[in-house]
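Counting from 1, one number per residue, gives the positions in the sequence shown under the UniProt record's numbering. Even for Gly, the Cβ is constructed at its ideal location relative to N, Cα and C.
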Amino acid sequence: MGRTLQNTMINLGLQNACDEAIYQLGLDMEELEEIEEDAGLGNGGLGRLAACFLDSMATLGLAAYGYGIRYEYGIFNQKIRDGWQVEEADDWLRHGNPWEKARPEYMLPVHFYGRVEHGAAGTKWVDTQVVLALPYDTPVPGYMNNTVNTMRLWSARAPNDFNLRDFNVGDYIQAVLDRNLAENISRVLYPNDNFFEGKELRLKQEYFVVAATLQDIIRRFKASKFGSTESVRTVFDSFPDQVAIQLNDTHPAMAIPELMRIFVDMEKLPWNKAWDITKRTFAYTNHTVLPEALERWPVDLVEKLLPRHLQIIYEINQRHLDHIASLFPNDVDRLRRMSLIEEGGTKRINMAHLCIVGSHAVNGVAKIHSEIVKTQVFKDFAALEPEKFQNKTNGITPRRWLLLCNPGLAELIAEKIGEDYVRDLSQLGKLHEFVDDDIFIREVAKVKQENKVKFAQYLEKEYKVKINPSSMFDVHVKRIHEYKRQLMNCLHVITMYNRIRRDPAKLFVPRTVIIGGKAAPGYHMAKMIIKLINAVAQVVNNDPVVGSKMKVIFLENYRVSLAEKVIPATDLSEQISTAGTEASGTGNMKFMLNGALTIGTMDGANVEMAEEAGEENLFIFGMRVEDVTELDRAGYNAQEYYDRLPELKQAIDQIRSGFFSPREPDLFKDVVNMLFHHDRFKVFADYEAYVRCQEKVSELYLNSKAWTKMVIRNIAAAGKFSSDRTIKEYARDIWHVEPSDLKIPPPNEPRDAVEDKTPNGTAA
């Protein structure tokens with residue numbers, strides 16, 4: 001979620017009033033804002049997407065709740081020591097959190113372990129361990145519409161009789177100390193992005209958020225009188241018409257068997273009725289196609305922790321496979337491919353298959369990704385129910401990612417086309433009229449320059465390096481992962497460095513190369529990549545021949561509040577994943593909206609950005625998905641690129657020989673070995689095209705006016721990438737709810753004023 005203060009002021013229309021009031025108290029608002037900790041309760045794109053979605057849902061007047069875990073420790077703080085990443089605990093609640101309100105009156109029990117009893121009265125899950133889920137509510141204000149939604153985060157609490165019910169007369173002290181075991185469930189966020197780690201505590205977290213949330217939803221459903229004559233609802237026929245649950249990846253997949261357990265075991269619904277309601281309630285969003293990211297929980301672990309849920313999953317699977325066998329008799333291989341249970345070695349539950357079978361809609365997060373989902377990853381399922389599969393291209397909230405972080409640009413745009421674009425970003429298209437307006441071109445360039453100067457000052461303060469603010473700010477910020485190819489950027493930096501040294505007198509477009517992002521603590525290769533970037537920076541930044549022509553900076557502890565500083569100052573946005581690996585990306589959209597140009601592959605949402613702006617207004621290079629597939633078929637041989645490209649050979653030889661690590665010459669042998677022998681993401685295959693494309697970037701940057709005109713074309717084409725558009729599509733195609741642009745009357749107006757503002761006198 002990042003910080004809340006400034007976003008709240010903007011959405012409430014109070015920013016100027018607050019700035020003035022704080023100024024009159026002799027304080028500086030920006031200094032105050034810098035004191036707030038980021039809420040870093042997610043890992044990367046998926047968590048930030050959810051935050052943007054909450055902002056859009058409130059702004060669109062949807063009655064929506066965001067549910068999650070109130071981690072005591074969020075994503076680690078990253079320190080760079082001697083060029084290595086070191087993790088520190090993110091004790092973000094140390095000074096309290098003024099935005100949250102604990103709601104102990106809505107505390108709910110969550111059960112683990114135990115065993116299953118089958119009796120005449122039905123099935124019972126007994127002898128369980130109980131953990132309490134304590135909700136904390138954070139308000140989510142819509143933009144200038146007096147709507148405030150709720151984000152409800154669950155915190156784990158031990159019941160007061162924890163470990164004391166079991167006649168253990170003896171150790172009272174130990175029993176109280178053991179309360180920590182239960183409360184550890186919400187202690188810390190697992191720091192993996194796009195990687196599955198099958199740990200028991202992680203499964204506990206997934207079930208904890210699911211079980212508490214579903215009880216909460218059902219309590220609210222039963223209490224609501226809407227469309228019902230009963231005082232307390234016991235009939236669930238209308239449930240899917242009143243409730244839509246969107247599964248953000250497979251992490252909450254246990255919600256499907258849990259809702260079945262509630263309907264069948266507790267509410268005594270017949271299986272088929274329960275299953276129909278469940279399917280119509282859930283929809284699933286897939287966020288990645290990397291096999292190592294797909295959740296596959298060992299059956300033994302689920303059986304121990306959630307024995308009843310395993311039985312329900314087996315029953316779902318049996319009926320699912322019976323159905324397939326009836327359509328494709330004797331096709332045992334299809335049954336094996338489509339089963340929820342993977343046999344062979346340790347039996348595992350494929351959570352993505354569970355989500356597809358248990359949902360009425362499945363979507364990818366960009367056109368190209370949704371195609372890959374349909375034609376490759378889940379092709380058997382798509383063949384069976386093609387109408388189930390959809391695309392919903394991701395978006396970003398223009399409130400945080402333009403108004404809040406780039407007020408200069410936001411104001412400049414408003415002067416040209418009015419202020420309505422903040423709620424309807426497609427209006428940015430009107431900027432096309434001003435592409436040739438010399439004054440506007442100068443003003444856009446001026447705003448970018450001011451943002452760069454401000455960020456250069458920040459860098460000089462934090463990193464003690466002199467930054468040339470007229471240099472091209474070339475920025476690559478995102479989680480560190482092999483598929484995102486920070487290594488390819490690094491090879492380009494080394495190549496530029498070698499060119500400067502080979503011919504110091506030659507004209508060279510000066511660059512400040514900024515790379516930032518966190519590596520999962522257990523991801524050895526990602527940590528080596530960080531060390532390599534810092535080692536290269538050390539050499540480049542201290543070579544007198546290079547001087548101010550090039551600086552390389554590794555941006556420490558990349559997070560939302562730092563993104564808000566660096567993105568408005570960026571000239572060139574690096575989006576260089578191997579085609580077919582980045583589901584969408586959202587940083588790409590933030591840079592586009594903030595007046596950076598993109599160098600990128602035809603991957604994720606880059607494809608649609610090129611479609612909107614015209615491919616000639618992005619720097620697109622490298623293999624397409626088809627080329628990658630073809631290269632896989634033919635066999636990727638890294639050696640042949642090394643032998644054919646002298647500049648690549650030189651860069652690799654320097655890394656291998658210890659040019660960048662003279663005190664430990666073979667420090668990077670693992671990295672080099674990976675690049676030659678098991679590089680799944682084919683860095684060498686795109687190197688030549690990337691370097692050539694970067695030459696075109698430098699050439700255009702020399703012509704400031706032509707560069708800025710291209711920037712304006714990009715901003716004018718960014719309208720599609722508002723999360724407001726994304727959420728309208730979810731609402732229309734999946735949730736079947738209508739967004740409302742009605743402004744609720746403020747609390748100081750009498751309530752009956754509502755009648756006049758709502759059509760047909762129905763409640764909005």
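- prompt: Among Leu153, Tyr190, Val235, which residue has its Cα nearest to the Cα of alanine 211?
  reply: Leu153
query: In the DSSP assignment, what are the bridge partners of aspartate 137?
result: Lys101, Arg152
query: Since methionine 351 contacts tryptophan 297 with CB under 8 Å, what's their CB separation in whole angstroms?
result: 7 Å
- request: May I ask you to report which of helix, strand or coil DSSP gives asparagine 468?
  value: coil
message: If I measure Cβ to Cβ from alanine 223 and keep anything under 7 Å in the same chain, skipping five residues before and after, which residues do I get?
response: none
task: Consult DSSP for aspartate 38 and reduce its assignment to one of helix, strand or coil.
output: coil
query: Just checking my contact of isoleucine 10 with leucine 404 at CB under 8 Å: how many whole Å lie between their CB atoms?
result: 6 Å
- request: Grab the span of the beta strand (DSSP E) containing asparagine 350 for me, first residue to last.
  value: 348–350
query: DSSP puts leucine 247 in a beta bridge; with which residues?
result: Tyr284
message: Considering just the uninterrupted stretch of the alpha helix (DSSP H) at glycine 122, what are its terminal residues?
response: Segment 122–126 is the beta strand (DSSP E) holding glycine 122; no alpha helix (DSSP H) there.
query: DSSP three-state call for glycine 45: helix, strand or coil?
result: helix
field: Assigned secondary structure, leucine 702 (DSSP; H/G/I helix, E/B strand, else coil)
entry: helix
task: Taking isoleucine 576 as the reference, give the member of His481, Glu462, Phe282, Ile69 with the closest Cα.
output: His481
query: Between Glu615, Gly83, Ser56, which lies nearest to methionine 144 when the distance is taken from Cα to Cα?
result: Ser56
- prompt: Straight-line CA distance for leucine 425 to isoleucine 417?
  reply: 11 Å
- prompt: Taking all protein chains shown into account, do 16 or more other C-beta atoms lie within 10 angstroms of the C-beta of valine 302, making it buried, or fewer, making it exposed?
  reply: buried
task: Identify, in the order they occur along the chain, each residue of the same chain with its Cβ nearer than 6 Å to the Cβ of isoleucine 368, setting aside the five sequence neighbours on each side.
output: Val607
message: Quick check: the segment 338–351 against the segment 308–320, are at least 3 beta-carbon pairs closer than 8 Å?
response: yes
field: Rounded straight-line distance, which links the Cα of asparagine 7 to that of arginine 399
entry: 7 Å
message: Rounding to the nearest angstrom, what Cα-Cα distance links asparagine 363 and aspartate 249 in this structure?
response: 10 Å
task: Would you kindly work out how many angstroms separate the C-alpha atoms of aspartate 19 and aspartate 28, rounded to a whole number?
output: 8 Å
message: Taking the straight line between their C-alpha atoms, what separation do you get for glycine 638 and glutamine 650?
response: Note that residue 638 is alanine in the sequence shown here, rather than glycine. When rounded, the distance between both Cα atoms is 15 Å.
- request: Just confirm the distance between the C-beta atoms of residue 766 and methionine 472, as a whole number of angstroms; I'd bet it's less than 8 Å.
  value: No answer is possible for residue 766: it lies beyond the span of the chain, which begins at 1 and ends at 764.
- request: Determine the burial state of serine 326: buried for a count of at least 16 other Cβ atoms within 10 Å of its Cβ, exposed for fewer.
  value: exposed
message: Using only CA atoms, which one of Ala158, Lys273, Asp603, Asn192 lies nearest to aspartate 627?
response: Asp603
- prompt: Taking valine 86 as the reference, which of Gly68, Glu612, Gly517 has the closest Cα?
  reply: Gly517
task: With a threshold of 16 other CB atoms inside 10 Å of the CB of proline 109, please say whether the residue is buried or exposed.
output: exposed
message: Ignoring anything shorter than 4 residues, give me the alpha helix (DSSP H) runs that lie fully in the segment 708–737, in order along the chain.
response: 723–730
Helix, strand or coil at residue 775 according to DSSP, with G and I counted as helix: What is shown of the chain runs 1 to 764, which leaves residue 775 out entirely.
message: Can you give me the C-alpha to C-alpha distance between alanine 579 and methionine 623, rounded to a whole angstrom?
response: 7 Å
task: Evaluate isoleucine 101 with the Cβ neighbour count: other Cβ atoms within 10 Å of its Cβ, from every protein chain shown; 16 or more gives buried, anything less gives exposed.
output: Checking the sequence shown, residue 101 turns out to be lysine, not isoleucine. Under this definition lysine 101 is an exposed residue.
message: Applying the 10 Å Cβ sphere with the 16-neighbour rule, what's the burial state of arginine 220?
response: exposed
- prompt: By DSSP, does aspartate 19 sit in helix, in strand, or in coil?
  reply: helix
- prompt: When the Cα atoms are used, what is the spatial distance from serine 584 to leucine 49?
  reply: 11 Å
message: Which residues does DSSP list as the beta-bridge partners of phenylalanine 619?
response: Ile599
task: Would you kindly work out how many angstroms separate the C-alpha atoms of threonine 4 and tyrosine 23, rounded to a whole number?
output: 20 Å
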